Amino acid sequence: MTEYILCLILFCVGLYAIMIKRNLIKIIIGLCIMEYSVNLFFTLIGYKHGGIVPIFSSLDETPARMVDPIPQALILTAIVIGLAVTCLIVAIALKIYEKYKTYDIREITRLKG
Amino acid sequence: MTLIVKTITRYTVGLILLFGIYIVLHGHLTPGGGFAGGVIVALSFVHLMLAFGRETAIKKMSEKAAGILEGLGAIMFLLIAFMGLTTGYFFYNFFRRVDTTETLVEYIGRPFALFSAGIIPLCNIAICLKVGAGLFAIFVALTFLKMNGDAAGDGEKK
Amino acid sequence: MLQIQILIVFMIIAAVIAVESVDLLGAVVSVGAVGLGLSIAFLFLQAPDLAIVQLVVEILSLIILIRAVGIKNGASAVRERRFIGTSAVVICLGIFLIFAYKSLLEIPRFGSPIIGVAGRYLMQSLKETGAANVVTSIILDYRALDTLGEATVLFTAVIGVLAVVRKIGRKSKE
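Heads up: the sequence lines are chains A, B and C, in that order. Quick note, the first sequence lines up with residues 21 to 133 if you use the numbering used here. Quick note, the second sequence lines up with residues 133 to 290 if you use the numbering used here. Quick note, the third sequence lines up with residues -8 to 165 if you use the numbering used here.
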């Protein structure tokens, strides 16, 4: 239970960064932290006390003690998607910097023809 | 970069690429797989670019070649999926031979061998091509953006 | 598990430093610390596949974020919001935490998951797919359509980056 609550606090740190910060880089950092906490939460759900890695090492090995492999399979793809999405956001942020010469989101809302 | 970085890069970049290929090919036996191996392969080229500058890395693999390889990976993955339709359903493991009594399932190769598990190593290779080439293309595009930007005076120092 | 709790506390501290640091380069390096801590946590949670992927992805995303920060002249000179906004956001987050705690009581406790269809995968995967790694056999055999969708998302992201970055056809506006 403590692990879940700590994981939620990590999520809240990221959410705080997104809601309060005015620097685009800080907002991207908040998104990264939220993504990490969600990945960690999925893996925590699949863990079993005294579990072992879900990889067979011999033909007659019993799978009774293995941890749940489905959250791991889902998160494996989600991590790579997260990297690609981070790259997309960074590209857009760099483009914004090129146009407005700042990362401040208050300056960006101003119209500039 | 300095001479030290360049010399060490010259020795390590091949080993990193080799390790990525190992991770991909053994994805069905050990931890790893197409995603991790693809990112490691992309990182080896990024390493080359960081140490020697953009032109050297682009000479090894240009942006257009990265785009072609990514498309090739996607098409290979889809092709494997559609070849399953010849004997079963989408993504059917078509290297599997089922006995008539449906009790004995055989593959080309035993379990725990390198050539086993039917289509899974092939899918790993396809995903490695896709992820590695895609991430490298993204990185090259981002460096281009920084070179073209007005405030980018300090980018890509050799 | 004590190791996991210590690691998550470390990650929270690094995340707070990353969010509150004035220096942008230091903030990005702190995000790297969060990601590497997450990688070790995956290792303790018996997920070596995720640990490898998280490690290499973290390195690449760190390089890309440093590229974004590397632009000089006053990128960090952004004044932040004042006291009232901060306190309102903190109150909202407190309410969110209370409701989240109540909903956490409903899911299975840590260390005793409900293994439904995963049990069948664990029992049958070596026989049905021939792959020793159960995670690989799930993402590429049982749930390969998920992976196909993921490949589509990655492709879309690459096309998005290339479309955002390109310069052709933009000259006529100037």
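Every residue, glycine too, gets a C-beta built ideally from N, C-alpha and C. Note that the structure is a prediction, hence the values are computed from the model and not measured.
Report task. Give the straight-line distance between the Cα atoms of L150/B and V156/B, rounded to the nearest whole angstrom. Result -> 10 angstroms
Requested in this report: Look up K68/A in the DSSP assignment and give the residues it is bridged to.
Outcome: G102/C
Query - Residues near L28/A in its chain [Cβ-Cβ closer than 7 angstroms; skip 5 each side] - result: none
Query raised in the report: When Cβ atoms are compared, which residues of the region 126 to 141 of chain C fall closer than 8 angstroms to chain B?
Result: V126, T127, S128, I130, L131, D132, A135, L136, T138 and L139
Query raised in the report: If contact means a Cβ-Cβ distance below 9 angstroms, which residues of the region 95 to 118 of chain A contact chain B?
Result: L96, T97, I99, V100, L103, A104, C107, L108, V110, A111, L114, K115, Y117 and E118
Report task. Look up D124/A in the DSSP assignment and say whether it is helix, strand or coil. Result -> strand
Query raised in the report: Using the beta-carbon of each residue, which ones in chain C are nearer than 8 angstroms to L64/A?
Result: I(-5), L36 and F101
Query raised in the report: Taking Cβ positions only, does T22/A come closer than 8 angstroms to chain C?
Result: yes
Query raised in the report: In this structure, does DSSP put I129/C in helix, strand or coil?
Result: helix
Query raised in the report: Using a Cβ-Cβ cut-off of 8 angstroms (strictly less than) and excluding sequence neighbours within five positions of F35/C, which residues of its own chain qualify?
Result: M(-8), Q(-6), I(-5) and L(-2)
Query raised in the report: Counting pairs of beta carbons, one from the region 5 to 21 of chain C and one from the region 62 to 81 of chain A, are three or more of them closer than 8 angstroms?
Result: no
Query raised in the report: Ordered along the chain, which non-local residues of its own chain (more than five positions away) have a Cβ less than 6 angstroms from that of K138/B?
Result: A183
Query raised in the report: Which chain A residues sit within Cβ distance under 8 angstroms of F167/B?
Result: L96, T97, I99 and V100
Requested in this report: Examine the ligand ZN and report whether any of its heavy atoms sits within less than 7 angstroms of the Cβ of F87/C.
Outcome: Of the ligands one can find in the structure shown there are none, so the ligand ZN has no counterpart to examine.
Query - Nearest residue (CA-CA) to I270/B, options L246/B, A249/B and E202/B - result: E202/B
Query raised in the report: Does DSSP put N43/A in a helix, a strand or coil?
Result: strand
Query raised in the report: If the cut is a Cβ gap below 7 angstroms, which residues of chain D does P39/C touch?
Result: Note that chain D does not occur in the displayed structure, where the protein chains are A, B and C.
Query - Straight-line Cα distance separating K41/A from V133/C - result: Note that residue 133/C is Tyr in the sequence shown here, rather than Val. So the two alpha carbons sit approximately 42 angstroms from each other.
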